[in-house]
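Chains as they are written, first to last, in numbering that gives the first Met the number 0: chain X, 0 to 189; chain S, 0 to 189; chain E, 0 to 189; chain Y, 0 to 189.
Glycine included, C-beta positions come from ideal geometry on N, C-alpha and C.
Written below as structure tokens is the structure these notes are about.
4 protein chains.
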Amino acid sequence: MRVRDDKKQVALYRATIKLVNEIGFEASSVSKIAREAEVSPATLYIYFKNKQDLIISTYIDIKKNMSQAILDDLDETKPVRDVLQQVWRNMFTYVSTNKEDFRFTEQFSNSPYHASVNKQELEKHFEPIVRVIRRGIEHKIIKNVSFSILTAFMFHPIMVLANPNLCSDFELNNESIEASFQLAWDAIRL
Amino acid sequence: MRVRDDKKQVALYRATIKLVNEIGFEASSVSKIAREAEVSPATLYIYFKNKQDLIISTYIDIKKNMSQAILDDLDETKPVRDVLQQVWRNMFTYVSTNKEDFRFTEQFSNSPYHASVNKQELEKHFEPIVRVIRRGIEHKIIKNVSFSILTAFMFHPIMVLANPNLCSDFELNNESIEASFQLAWDAIRL
Amino acid sequence: MRVRDDKKQVALYRATIKLVNEIGFEASSVSKIAREAEVSPATLYIYFKNKQDLIISTYIDIKKNMSQAILDDLDETKPVRDVLQQVWRNMFTYVSTNKEDFRFTEQFSNSPYHASVNKQELEKHFEPIVRVIRRGIEHKIIKNVSFSILTAFMFHPIMVLANPNLCSDFELNNESIEASFQLAWDAIRL
Amino acid sequence: MRVRDDKKQVALYRATIKLVNEIGFEASSVSKIAREAEVSPATLYIYFKNKQDLIISTYIDIKKNMSQAILDDLDETKPVRDVLQQVWRNMFTYVSTNKEDFRFTEQFSNSPYHASVNKQELEKHFEPIVRVIRRGIEHKIIKNVSFSILTAFMFHPIMVLANPNLCSDFELNNESIEASFQLAWDAIRL
DNA sequence: GATGAATGAGTGTTCATTCAT
DNA sequence: CATGAATGAACACTCATTCAT
């Protein structure tokens, strides 16, 4: 019996990300993805139930890697501001070294596939961030407003700034990262 | 492409928005859009060059209406903070009274069609906002950082907060709007 | 506007019958049927909702023609035996001049499509036969057993005899038709 | 095609019969049959040359069991009518205790596979019935018409009556079996 | 002997677009 | 102007079968 080849699964993830970024979900047909990954379209269906499963699995795979990279070296005993700054830096590092993956998640979030993802499962991976923000609120360091508002100002601007499609004039460097973190921090702090 | 019946053109815009919101770009075929607008698929090609033209035109149409609504009653002689607060309020008003249109632009921004839009042309409509921010920087009221950073914190959180897909727990009311504006202002002010 | 071409619908019926007879339902793909009818597969979907609709419509079309041919010149005032004999003759005439159509209905009856047909609607067309048999029972000319049994002996043997697949040694001619009718009549009469 | 494990062969027969009855030939794919039989698709090809071989073998297997059951306790020295009545009873017994197998043969007879079966080989198993009918003709008990006609009236109605698909109102019990045999006998006797 | 992996060829169906009226 | 008819090309997916172990 032939044995399952992990390389094929990874190749399919990469092909999916590449094509979706280049031509969008609409045009990324199963056969194009398979061709890009250098497998038969039929083989794809050994690794994934269907197109939706392929795309959602790709998303979840990215998200897991992402949360690991962002939370890896976090020292939660440090002051709230320092922890968030570290997250901020990690995010930019991750985004700038994994632009393709990041861009894919951006597209995914606004696609109809997004509705089919178990968000709670995914958010679990980002729990440490929730904890530190909660600590900030308790210690009267961070504004006591709803969580949605805080993350909208704390993290979503990263997505925009890191997306060259939207911010062609933002240069990703240490200086600009620190400068923009200052805005984020000013927004949420008391 | 000979244009005549304005009602048909508008019907096609509405049908496009409705279907894209309901089933996404991928599933919104020309014939479905035509059926929804109660015209023949062939008629659609009288008003628009092709599917891409239809979708981009729909987007531009929304954006024009949007800028008008947001900038309509702006009094640029008022203090910087007041002007921006007015813009902030107008945006939320527009979004909450034109949820469908707004949701379409969200989807559009993350679709491959977005690359084909002449952004400068569109940004022209938002010129007054640029002016007031520039004034804020000159008067040392607003942080002197790149324009991208400022708008990322000033306006992009609105998109997130107003998108129930992303912020299911954010309630759109006067109080929450003012509270979130406070964060936006704190982010950018000196 | 182009106008719908009745010839195409008929060509699709003929192609379906021909192919199903030759290679069976399984192998009669939509594209093969379309090629045989000399239309595009996509065109087929203008005339029929899907493959099932095409096949069931073909069946119903045949059945209607069939009932008309069989019951056309029936004189219900004649003696029971004479009426049934006329039906018997008509059936053989129909079968021998429409072998393809008949063979199709045979295949159809044993396919899964059969379950999706409104049988009552179809049986209505054969009502005159029901009437004459009922008369025969009332007048003590025909055995008083269930309708199923009577038709199983009266009409089903025709299907067998007329199917050269099953009865390669049965020759369809006036003599053999009359001879076999004698068996049918002996079976059901008192 | 190396044969070994009889259990697997039988499991494949049963799986084929079950699936074909449930979803038809068209939908009964090799992999579904293999899954139902709890073997790998590749294993199936050890026992059978290909799909057609599997299906035809299944048919022949059933037919052999069937002929055995029908002819098992036949006493050819008895009067013609009694022998045929016994066959008639045996058939109904077989059909009602092996509904699945019977239903499969019904479907098979109207499929294109039927053309590929060596019928002479199969008919050999039913030779005793041929003998008794021939005897009936010689003794002027049975009508002297072609063999096809006789069997069409003698045996084919059984298939119809026993097929609940075609005769939903026929109840299989001793009384109805004897009553319907009377029709069969009246049809063929002189 | 037995198997899951692998695939080219095919399935039914829909697509964006053009044609003929 | 407006339209339903028409279609080649593509879609997501499954098929019967073979391969490699």
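- The three-state reading of DSSP puts Arg133/S in helix, counting H, G and I together.
- Under the three-state reduction of DSSP output, Ile141/E falls in the strand class.
- Burial is judged here by how many other beta carbons sit within 10 angstroms of a residue's own beta carbon; Met65/S has at least 16 and is buried.
- Excluding the 5 residues flanking it on each side, Asn20/Y has same chain C-beta neighbours closer than 8 Å at Glu99, Arg102, Phe103 and Gln106, in chain order.
- In this structure His155/Y is buried. Its beta-carbon is surrounded by 16 or more other beta-carbon atoms within 10 angstroms.
- For Leu121/X, not one C-beta of chain S is nearer than 8 Å to its own C-beta.
- CA-to-CA, the gap between Lys62/Y and Glu126/Y works out to about 13 Å.
- Phe180/S does not reach chain X, its nearest Cβ partner there being about 10 Å away, counting only Cβ pairs nearer than 9 Å.
- Here Asn143/E is near Ile136/E, since their CB atoms are less than 8 Å apart.
- For Ser56/Y, same chain residues with a beta-carbon under 7 Å away, outside a window of 5 residues either side, are Phe47 in chain order.
- Per DSSP, Phe47/Y lies in no alpha helix (DSSP H) segment and is marked neither H nor E.
- Between Glu170/S and Gln181/S, the alpha-carbon positions lie close to 16 Å from each other.
- CA-CA distance, Pro163/Y to Ala41/E, rounds to 38 Å.
- In the DSSP assignment, the residues bridged to Arg188/Y are Ile141/Y.
- Fewer than three pairs of CB atoms, one per stretch, sit closer than 8 Å, so the stretch 105–124 of chain E makes no contact with the stretch 116–126 of chain Y.
- For Arg88/Y, the enclosing alpha helix (DSSP H) has its first and last residue at Val79 to Thr96.
- Only those residues of the stretch 77–93 of chain E whose C-beta falls short of 9 Å from the nearest C-beta of chain Y would be listed, and there are none.
- Residues of chain S with a Cβ closer than 8 Å to the Cβ of Phe101/X do not exist, since the nearest Cβ in that chain sits about 13 Å away.
- In summary, Thr150/Y is buried, with 16 or more beta-carbon neighbours lying within 10 Å of its beta-carbon over all protein chains present.
- For Met0/X, there is no enclosing alpha helix (DSSP H), as DSSP gives it neither H nor E.
- The shortest C-alpha to C-alpha distance from Gln84/E to any of Asp4/E, Val129/E, Ser108/E and Glu177/E is the one to Glu177/E.
- For the pair Arg88/S and Met153/S, the Cα-to-Cα distance works out to about 12 Å.
- Against chain Y, a Cβ distance below 8 Å from Lys50/E picks out nothing, because the smallest value is about 10 Å.
- For Pro156/S, the nearest beta carbon of chain X is closer than 8 Å to its own beta carbon.
- Considering only Gly23/E, Leu53/E, Ser110/E and Tyr93/E, the residue with the shortest C-alpha distance to Gln67/E is Tyr93/E.
- The Cβ neighbour count for Thr15/Y, taken over all protein chains shown within 10 Å, is at least 16; the residue is labelled buried.
- The C-alpha of Asn172/Y lies about 12 Å from the C-alpha of Leu160/Y.
- In this structure, the CA atom of Ser147/S is about 38 Å from the CA atom of Leu43/S.
- Listed along the chain, the chain S residues whose CB falls inside 9 Å of the CB of Ile148/X are Pro156, Leu160, Cys166, Phe169, Ser175, Ala178, Ser179 and Leu182.
- Of the residues Glu75/X, Glu35/X, Ile187/X and Ser110/X, the one whose Cα lies closest to the Cα of Ile141/X is Ile187/X.
- If you look at Ser27/Y, you'll find it isn't in any alpha helix (DSSP H); DSSP assigns it neither H nor E.
- None of the residues of the stretch 33–44 of chain S has a beta carbon lying less than 7 Å from any beta carbon of chain X.
- Interface with chain X (8 Å Cβ-Cβ cutoff): Pro111/S is included.
- With respect to the C-alpha of Asp5/S, the residue from Asn49/S, Arg134/S and Val38/S having the closest C-alpha is Val38/S.
- The criterion of a C-beta distance shorter than 8 Å is not satisfied by Glu35/Y and Leu53/Y.
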